[in-house]
Amino acid sequence: MGGHPFGEAPGDSAGRSAGEPSGTSFGEPTGDCPDDSADAAGRERARRRGQGELEAQVLAALHHAPGPATAAWVQERLGGDLAYTTVMTILSRLHAKQAVTRERAGRAYAWTPAADEAGLAALRMRRVLDGEPDRDAVLTSFVSTLSAHDEQLLRSLLAAAGPARRSPGHHPATGHRPSDEACGG
Amino acid sequence: MGVFVFLPLVLPLTALPIAKLAAQHLHPRATTRLLTLLSAVLGLCSTLCLALLVVVGTAQLPGNPLPDGWSDPEVRAAVPYAEIAGTAAIAALAAALAAGGTAVRRHGRVLARTHRALDGLPPGADPAVLPDDDPYAYAVPGTPGRPGKPARPGRIAVSRGMLRSLDDAERQALFAHERAHLNHRHHRYRLTVRLAGCVNPLLLPLRSAVAFSTERWADEEAAHVVGDRLLTARAVGKAALITRSARLPELAHFAAPEPGPVPRRVAALLAPVPPARGWPPALTPVGLAALIAAAGTAASALSSLNAAVALFLVLKAATPL
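Taken in order, these protein sequences are the chains called A and B.
Heads up, the first sequence stops at 185 in this note's numbering, and the numbers go up one at a time, no gaps.
Heads up, the second sequence stops at 321 in this note's numbering, and the numbers go up one at a time, no gaps.
In structure tokens:
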């Protein structure tokens, strides 16, 4: 592969990145803009920031990349208050969640966002669900968690109620189903 | 006012039998409304009496902000153990207001954050399907418009993981359940009961009772909409089982055998439709429990009214206006 297929490729990125708003427009406004004077404070904040928030930020940065981007590019884009290894960890985690895809480019990986706005919304939703102890008092969940005893009881109740109908369109395997998106639209 | 001022603080105990029995014997809609009304009245009366005691309590403190006439011995004589009760009431009222304020603030924050998270999806997308493999489904209540903030309609947020594990009919049951939460504004009942629990901890059992009865109410609505109780029961059961398998194993329960909310909901759905009467027949345990709760609530309202009027009269007599 000659040259850099990713990062600040001249001609491609110049016009686009100039006209684009800053990366923070994607994530929730966090109030911390990269500022050298507040470097230590920024690091402290970064440590305290939730995983979900960092994931959303990294994903937002990738969305603003002109093409596949390296972890170093993402780190620079985020203002440098994150360690390179942190960025790599977050990217790997996003990859495990299938929110980004990667391809090998020389010695590094080039990352491309796979998650769209909806994926970002899901990450933010997870942040609320994981970070707010009071959520169950506000958002009414369809079901609450089961204890082991409840699970047994539930299985016997359902079994006694009749054999579970096997639905024609049931795919327990991974992958989208067209009707998932149809429900969302 | 005498000892009457203390009564509303303990009268919430009379609501406990009905909180325990209503779920089994009443329609969930009636249960929700009855228990929420009880806890709202009992909570208000209990707070009013705390406030009255605070007046008496602060009146005897030097440098109190109240008019001098209020620290008249006559005022203190109106309440037994005025000093101890008054001082304790100051702390109790402060704790109650702080807990209530925190609950309201958190409620607003969770709602705002959830709506912000869902903003990325098209506004018309209802249910909002989130591409997440973890199974979850939530009813997200709408928020009223305020200056600077647009009103937001209630939404259903459901993950792809949840949808994937249910078939089409079961999804309809799920959506009907969540929409019932939104249409009947169940979050208001739950917030009311929560605040009541904040101002008087004796009302805490009503909180879980109302949380359960709103779920049952939504289940009944869903069963009505899809026209199939067994299907609704299966949707609830399946969703709970996959949610369970997606979570980390929890700590062992030492005193297990009380069934949790989900098996009780499924069992109720597998049973016939509960009768939709508003008030249970008098000569049954649940009828008696309802009568006790009603009597307790009436006594609480009368006591706090009596105490308020008595204190008002004493203060009026003591203060040269």
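Quick reminder that beta carbons are idealized off the backbone N, C-alpha and C, glycines included.
The structure presented is a predicted model; accordingly, all values stated were derived computationally and were not measured.
In the structure shown, Y138 (chain B) adopts extended strand secondary structure according to DSSP, grouped into three states. In the pairwise beta carbon analysis, the region 169-179 of chain B is classified as touching the region 222-234 of chain B: at least three pairs are separated by under 8 Å. If you ignore the 5 residues before and after L182 (chain B), its C-beta comes within less than 6 Å of the C-beta of A139, G154, all in its own chain and listed in chain order. Within chain B, not a single residue places a beta-carbon under 7 Å from that of V58 (chain A); the smallest gap is close to 16 Å. Scanning the region 136-214 of chain B from its first residue to its last, the whole beta strand (DSSP E) runs of 3-plus residues come out as 137-140, 155-159. With respect to chain A, the C-beta atom of E178 (chain B) has a partner C-beta closer than 8 Å. Straight-line spacing of the CA atoms in Y189 (chain B) and T31 (chain B) works out to 11 Å. In summary, the residues of the region 123-134 of chain A whose CB is separated from some CB of chain B by less than 9 Å are L123, R124, M125, R126, R127, V128, L129, G131, E132, P133, D134, in the order they occur in the chain. If you draw a straight line from the Cα of L118 (chain B) to the Cα of M125 (chain A), it comes to about 7 Å. Here E178 (chain B) is buried: its Cβ has 16 or more other Cβ atoms, across all protein chains shown, within 10 Å. Look at V143 (chain A): its C-beta is under 8 Å from a C-beta on chain B. Per the coordinates, the alpha-carbon of A282 (chain B) lies some 13 Å from the alpha-carbon of A295 (chain B). DSSP places W73 (chain A) in the uninterrupted alpha helix (DSSP H) bounded by 71-77.
At least 8 Å separates the beta-carbon of P66 (chain A) from that of A110 (chain A).
Residue-level contact check: S92 (chain A) does not touch chain B, since none of the beta carbons of chain B fall below 8 Å from its beta carbon.
Between L111 (chain B) and A169 (chain B), the gap from beta carbon to beta carbon reaches 8 Å or more. Taken through DSSP and simplified to helix, strand or coil, V143 (chain A) comes out as coil. Between L62 (chain A) and T114 (chain B), the beta carbon gap of about 24 Å keeps them out of contact (Cβ cut-off 8 Å). One Cα belongs to G142 (chain B), the other to R152 (chain B), and the distance between them is close to 5 Å. Under the three-state reduction of DSSP output, V79 (chain B) falls in the coil class, being neither helix nor strand. By alpha-carbon distance to T101 (chain A), the top candidate from A:R107, A:T112, A:A108 is A:T112.
At a cut-off of 8 Å between C-beta atoms, L111 (chain B) counts as an interface residue with respect to chain A.
DSSP assignment within the region 97-126 of chain A yields the following whole beta strand (DSSP E) runs of 3 residues or more, N-terminal first: 100-105, 108-113. Just measuring C-alpha positions, the residue of A:S147, A:T70, A:A159, A:I90 sitting nearest A240 (chain B) is A:S147.
Around the Cβ of T102 (chain B), a 10 Å sphere holds fewer than 16 other Cβ atoms; the residue is exposed. The region 76-89 of chain B makes no contact with the region 72-89 of chain A, as fewer than three CB pairs between them are under 8 Å. If the five residues before and after P205 (chain B) are omitted, its C-beta is found closer than 7 Å to the C-beta atoms of L16, A19, all from its own chain and listed in chain order. Look at L130 (chain B) here: in three-state DSSP terms it is strand. Membership of P281 (chain B) in any alpha helix (DSSP H) is not indicated, and neither H nor E is assigned to it by DSSP. In the three-state reduction of the DSSP assignment, A91 (chain B) falls in the helix class. Between T47 (chain B) and A89 (chain B), the C-beta spacing is not below 8 Å. At a Cβ-Cβ threshold of 8 Å, V129 (chain B) and L93 (chain B) do not count as neighbours. Boundaries of the alpha helix (DSSP H) harbouring H149 (chain A): 148-161, taken from the DSSP string. Taking 8 Å as the threshold, the shortest C-beta distance from T114 (chain B) to chain A falls below it. DSSP, read as helix, strand or coil, puts D136 (chain A) in helix. Annotated three-state conformation of G43 (chain B) is helix, per DSSP.
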